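The block underneath contains the structure these notes are about, expressed in structure tokens.
Protein chains: 2
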Amino acid sequence: MSDLDPAIADRLKRDPQGLVPAVVQQHDTGEVLMLGWMDDEALHRTLTSGRATYWSRSRQEYWVKGETSGNRQWVRSVRLDCDGDTVLVAVDQEGPACHTGTRTCFDGRDLPVTAPEPRSA
Amino acid sequence: MSDLDPAIADRLKRDPQGLVPAVVQQHDTGEVLMLGWMDDEALHRTLTSGRATYWSRSRQEYWVKGETSGNRQWVRSVRLDCDGDTVLVAVDQEGPACHTGTRTCFDGRDLPVTAPEPRSA
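As you go down the protein sequences, you meet chains A and B in turn.
Position in the first sequence (first residue = 1) + 4 = this note's numbering.
Position in the second sequence (first residue = 1) + 4 = this note's numbering.
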């Protein structure tokens with residue numbers, strides 16, 4: 005069982021594994037740093053400890069971002085989306101967010117967009 | 005079967021439903037607009053049509069964002085994350101991204117953060 009506020013738990017729509025995706029954004033620059041997964045307890049810990057906490061699908065355990073690496077995430081705000089099935093966590097990220105050493109997990113990993121010119125600005 | 009470039013398909017790590025989450029961000033302001041889901045074909049269409057295309061888990065069909073509402077998303081870039089299990093789509097969003105009429109799906113949906121003061125800037 006989780007200590008998550010029942011009023012929040014009632015609004016969550018979880019996947020079959022009991023998880024919601026958590027989009028993690030640097031609070032001031034707007035960079036999307038990474039995507040993690042949270043169950044009720046990880047969300048509860050994120051909201052109450054000030055440190056972003058996830059559920060590791062590969063290791064099947066909770067992890068506090070930066071606990072091993074030192075690249076901690078200090079929680080600034082947490083928002084739920086309109087459907088209750090995604091959270092957006094604004095953090096202050098120390099060091100690189102990615103375990104590969106890049107600032108974000110998306111840096112240098114562009115896929116080729118071969119579409120016609122987009123709408124001009 | 006999908007027409008997705010096999011070199012890209014090889015890098016994708018899909019969930020048991022064959023999907024990856026797609027984080028959608030306004031290309032210039034950095035706002036996180038919404039989170040959608042893509043299978044190989046939705047990603048292929050997003051990369052080649054210039055319009056963000058998702059797989060609807062509730063309706064079990066492809067949808068081109070804005071096709072009904074007019075609130076279209078023009079694709080500027082698509083990036084894969086370090087693990088190959090999330091994509092980040094930078095778009096130019098016309099109008100509100102959320103079906104509720106708010107600019108993003110996260111507007112006005114803050115959860116209470118009750119943690120001690122975060123690290124000062």
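Idealized CB from N, CA, C, for every residue including glycine.
Here the structure is a predicted model, which means the values were calculated and not measured.
Excluding five sequence positions before and after A:GLU98, the CB atoms of its chain that fall closer than 6 angstroms to its own CB belong to ASN75 and ARG76, given in chain order.
Taking a contact to require three or more Cβ pairs closer than 8 angstroms, the region 105-119 of chain A and the region 46-65 of chain B qualify as touching.
A:HIS103 reaches chain B at CYS86, counting residues in chain order whose Cβ is nearer than 8 angstroms. For A:LYS69, the number of other beta carbons within 10 angstroms of its own is at least 16, and it is reported as buried. For B:LEU39, the beta-bridge partners assigned by DSSP are B:VAL27. A:GLU45 carries a helical assignment under DSSP once its states are collapsed to helix, strand and coil.
A straight line joining the alpha-carbon of A:ALA46 with that of A:TRP67 spans about 9 angstroms. Contact annotation: A:ALA26 and A:VAL91 have beta-carbon atoms nearer than 8 angstroms.
Along the region 67-78 of chain A, the positions whose C-beta sits under 7 angstroms from a C-beta of chain B are TRP78, read in chain order. Sequence-distant Cβ neighbours of A:GLN29 in its own chain, meaning closer than 8 angstroms and more than five residues away, are GLU35, VAL36, LEU37, LEU92, VAL93, ALA94 and VAL95. Contact annotation: in the region 44-60 of chain B, residues whose CB is within less than 7 angstroms of a CB in chain A are LEU51, THR52, SER53 and GLY54. At a Cβ-Cβ threshold of 8 angstroms, B:LEU115 and A:LEU115 do not count as neighbours. With respect to the 8 angstroms criterion, B:ARG15 and B:LEU84 are classified as neighbours on the basis of their beta carbons. When C-alpha distances from A:PRO20 are compared across A:CYS102, A:ASP89 and A:ARG63, the shortest belongs to A:ASP89.
The Cβ atoms of B:TRP41 and B:TRP59 sit closer than 8 angstroms to each other. Neighbourhood of B:SER81 in chain A, by CB distance below 9 angstroms: ASP114, LEU115 and VAL117, in chain order. Under DSSP, B:GLN64 shares a beta bridge with no residue.
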